[in-house]
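J.:
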Amino acid sequence: MIADFESFKVDLSLSKLEICRELYTQNRQLIRIKNEQVAVRNLVRIIDSTLRLAATRGFHAMSLRDLCADTGFSIGGLYAYIRSKDDLLYLIQSHGFLLTRRTMLAYTEGIADSRDKLLAAVKAHVYLSELMQPWFYFSFMETKALPDKHKKEAIAIELEVENMLCAIIEAGMGAGVFRRINARLLASLCKAMMQDWYLKRRKYSNQCVSATEYAEFIGQVLDCYLSADLPASHYRATLSG
1 MIADFESFKV DLSLSKLEIC RELYTQNRQL IRIKNEQVAV RNLVRIIDST
51 LRLAATRGFH AMSLRDLCAD TGFSIGGLYA YIRSKDDLLY LIQSHGFLLT
101 RRTMLAYTEG IADSRDKLLA AVKAHVYLSE LMQPWFYFSF METKALPDKH
151 KKEAIAIELE VENMLCAIIE AGMGAGVFRR INARLLASLC KAMMQDWYLK
201 RRKYSNQCVS ATEYAEFIGQ VLDCYLSADL PASHYRATLS G
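Quick note: the sequence shown uses UniProt numbering, first residue 1, plus one each step.
#1: Across the region 177 to 194 and the region 130 to 139, are there enough close Cβ pairs to call them in contact, namely three or more that are closer than 8 Å?
#2: In this structure, how does DSSP classify residue 109 when only helix, strand and coil are distinguished?
#3: Where in the region 40 to 115 do unbroken runs of the alpha helix (DSSP H), each at least 4 residues long, occur, reported from the N-terminal end onward?
#4: Would you decide whether residue 232 is buried or exposed? Buried here means 16 or more other CB atoms lie within 10 Å of its CB.
#5: Just to confirm, is the Cβ distance from residue 212 to residue 4 under 8 Å?
#6: Can you tell me the Cα-Cα spacing of residue 79 and residue 63, whole angstroms?
#7: Quick one: give me the first and last residue of the alpha helix (DSSP H) that residue 221 is part of.
#8: Just to confirm, are residue 169 and residue 99 a CB contact at a threshold of 8 Å?
#9: Rounding to the nearest angstrom, what Cα-Cα distance links residue 197 and residue 191 in this structure?
#10: Check residue 187 in the structure and name its three-state DSSP category.
#11: Would you call the region 149 to 163 and the region 46 to 66 touching, i.e. three or more CB-CB distances under 8 Å?
#12: Please determine, among 118, 31, 42 and 69, the residue with the shortest C-alpha to C-alpha distance to residue 194.
#13: Please look up how many angstroms separate the CB atoms of residue 131 and residue 34, rounded, as I've assumed it's under 8 Å.
#14: Classify residue 161 as helix, strand or coil using the three-state DSSP reduction.
#15: Exposed or buried, which one is residue 122 when buried takes at least 16 other CB atoms within 10 Å?
#16: With DSSP collapsed to three states, give me the class of residue 175.
#17: For residue 61, is the classification buried or exposed, using 16 other Cβ atoms within 10 angstroms of its Cβ as the cut-off for buried?
#18: Using 10 angstroms around the beta-carbon of residue 206, count the other beta-carbons present and answer buried if the total reaches 16, otherwise exposed.
#19: By DSSP, does residue 206 sit in helix, in strand, or in coil?
#20: Just the Cα atoms here: how many angstroms apart are residue 110 and residue 102?
#21: Output the boundary residues of the alpha helix (DSSP H) element that contains residue 141.
#22: My assumption, with CB atoms under 8 Å, is that residue 21 sits in contact with residue 36. Please give the rounded CB distance.
#23: For residue 31, name the three-state secondary structure that DSSP assigns.
#24: List the whole-angstrom C-beta distance separating residue 172 from residue 83, where the pair is believed to meet the contact cut-off of C-beta under 8 Å.
#25: Taking the alpha-carbon positions, what's the residue 187 to residue 104 distance?
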């Protein structure tokens, strides 16, 4: 079970390297660097630089020469990894999708209690989006401009997160832990609350709300709504606390 955001941060840098290693393995026809260690390290640089530039000037306004200046690569060096901005977009989206999927699964597997598992899923997503806010924001804002194939992939990963939440809620209802509700609708609402964290980051920063506090508050809201055996006074006390 994830304790807090600070504990979660320790594992992510390793996960990013693992994901870039997986990207390298899956895209050997695109990436022409034979040394895996060098390729993986440089993929991390390319992706981080792209997200940084996209956040300040927009992905479509960014040129490959801008990326070269930020990463320190020559154009020829960059072409060893990508041939165009479409290739770059594909690598960035794939990186985020793989990391989201792996993180959600890693932090929820093996948890038997539905309440704990639902909270773990929420924390995993909120904490990941806090650390990877540029990618989550980029993915949300750029999805509408993606080619059809990549747009479908972006929609699929969003639905995958909802499906995971829905499955946990349905399992809890089946076990009698949660009351009977519209699991699909609640999963969609939960996803929207998690999404609000990275889309409206300044709002919560102005309220001095941390990632840990936000994730735990979502968990409290869900627990109050799903609990069939608690009086209304408990709901009020939990949400006001």
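Ideal Cβ placement from N, Cα and C applies to all residues, glycine included.
Note that the structure is predicted; figures quoted are calculated from it, not measured.
T.: On the basis of the coordinates in this document:
#1: no
#2: Residue numbering aside, residue 109 sits at position 109 when the sequence shown is read from its first letter. It is coil, neither helix nor strand.
#3: Correct list: 64 to 71, 75 to 79 and 85 to 106.
#4: Within the sequence shown, the letter at position 232 stands for residue 232. Here residue 232 scores only 46 on pLDDT, less than 50, and its place in the model is too uncertain to base an answer on.
#5: Locating residue 212 in the sequence shown gives position 212, counting from the first residue. Locating residue 4 in the sequence shown gives position 4, counting from the first residue. The Cβ-Cβ distance between residue 212 and residue 4 falls below 8 Å.
#6: For the purposes of this step, residue 79 is taken as residue 79 along the sequence shown, with counting starting at 1. For the purposes of this step, residue 63 is taken as residue 63 along the sequence shown, with counting starting at 1. Each residue's alpha carbon lies about 13 Å from the other.
#7: Working through the sequence shown from its first residue, we reach residue 221 at position 221. That run of the alpha helix (DSSP H) goes 211 to 226.
#8: For this step, residue 169 is matched to residue 169 along the sequence shown. For this step, residue 99 is matched to residue 99 along the sequence shown. The answer is no: Cβ separation not under 8 Å.
#9: Sequence index remark: in the sequence shown, residue 197 carries index 197 (1-based). Sequence index remark: in the sequence shown, residue 191 carries index 191 (1-based). When rounded, the distance between both Cα atoms is 10 Å.
#10: Position 187 of the sequence shown, counting from 1, holds the residue named residue 187. Three-state DSSP puts residue 187 in a helix.
#11: no
#12: Numbered from 1 along the sequence shown, position 194 holds the residue referred to as residue 194. Cα-wise, what sits closest to residue 194 is 118.
#13: Start at 1 with the first residue of the sequence shown, and residue 131 comes out as number 131. Start at 1 with the first residue of the sequence shown, and residue 34 comes out as number 34. Wrong, their Cβ atoms sit about 31 Å apart, outside the cutoff.
#14: The sequence position of residue 161 within the sequence shown is 161, counting from 1. Correct three-state label for residue 161: helix.
#15: By one-based count along the sequence shown, residue 122 stands at place 122. Around the beta carbon of residue 122, 16 or more other beta carbons sit within 10 angstroms, so the residue counts as buried.
#16: Taking the sequence shown and counting its residues from 1, one reaches residue 175 at position 175. Looking at residue 175 - three-state DSSP - the assignment turns out to be coil, as it is neither helix nor strand.
#17: Working through the sequence shown from its first residue, we reach residue 61 at position 61. Result: exposed.
#18: For the purposes of this step, residue 206 is taken as residue 206 along the sequence shown, with counting starting at 1. Exposed, since its Cβ has fewer than 16 Cβ neighbours within 10 Å.
#19: Position 206 of the sequence shown, counted from the first residue, corresponds to residue 206. Reduced to three states, the DSSP call for residue 206 is helix.
#20: What you label residue 110 is simply residue 110 of the sequence shown in a count that begins at 1. What you label residue 102 is simply residue 102 of the sequence shown in a count that begins at 1. Each residue's Cα considered, the two are about 14 Å apart.
#21: As a first step, residue 141 must be located in the sequence shown, where it is residue number 141. Where residue 141 is concerned, the enclosing alpha helix (DSSP H) stretches over 133 to 142.
#22: Taking the first residue of the sequence shown as position 1, residue 21 is located at position 21. Taking the first residue of the sequence shown as position 1, residue 36 is located at position 36. At roughly 7 Å, the Cβ-Cβ gap stays under 8 Å, so residue 21 and residue 36 are in contact.
#23: The residue given as residue 31 occupies position 31 in the sequence shown. Of the three classes helix, strand and coil, the one that applies to residue 31 here is coil, per DSSP.
#24: Within the sequence shown, residue 172 is the residue found at index 172, counting from 1. Within the sequence shown, residue 83 is the residue found at index 83, counting from 1. Incorrect: roughly 47 Å between the Cβ atoms, too far for contact.
#25: Locating residue 187 in the sequence shown gives position 187, where the first residue counts as 1. Locating residue 104 in the sequence shown gives position 104, where the first residue counts as 1. One C-alpha to the other measures close to 14 Å.
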